[in-house]
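Colleague:
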Amino acid sequence: MAKIAVEKPFDDIKEVLEGKGHQVDLVNSDQELKGYDVGVVRVQNDGDTGLYDFPIVSVEGSSIDEVVAQVERYLELSK
1 MAKIAVEKPF DDIKEVLEGK GHQVDLVNSD QELKGYDVGV VRVQNDGDTG
51 LYDFPIVSVE GSSIDEVVAQ VERYLELSK
């Protein structure tokens, strides 16, 4: 099962993903993302590109449904 990290304070996104059967952990910052298959963060900075070897989804400017759909798209592509 894929592991998803969701940066605090996005408990609502965590709950929706868990409700869809995903394994989700709430993390304090993007510094704690290592070891996950997908990370959900507050904002992805341009300098962050290439820092991670897995997809990062930025919450900025997106609805909960959009974030969840993007996470699930990445998980589907990684199968």
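When we follow full-length UniProt numbering, the leftmost residue of the sequence shown carries the number 1, and every step to the right adds one.
Beta carbons: idealized from backbone N, C-alpha and C, even for Gly.
Return the residue from the list Ser62, Ile56, Lys79 and Tyr74 that minimises the CA-CA distance to Gly39.
Modeller: Answer by Cα proximity: Ile56.
Colleague: Can you list, in chain order, the residues of its chain with a C-beta nearer than 6 Å to that of Leu33? Leave out the 5 residues immediately preceding and following it.
Modeller: Closer than 6 Å at Cβ, skipping near neighbours: Ala5 and Gly39.
Colleague: Report the start-end ranges of each beta strand (DSSP E) in the stretch 23 to 79 that is 3 residues or longer and not cut off at the edges.
Modeller: Counting whole runs of 3 or more residues, the stretch 23 to 79 contains the beta strand (DSSP E) stretches 23 to 27, 38 to 41 and 56 to 58.
Colleague: Between the Cα of His22 and the Cα atoms of Lys8, Lys3, Asp65 and Tyr36, which residue gives the shortest distance?
Modeller: Nearest option by C-alpha distance: Lys3.
Colleague: If we cut at 8 Å on Cβ distances, does Ile13 have a partner in chain D?
Modeller: Protein chain content of the structure displayed is limited to a single chain, and chain D is not contained in it.
Colleague: Using DSSP with H/G/I as helix, E/B as strand and the rest coil, what is Lys3?
Modeller: Correct three-state label for Lys3: strand.
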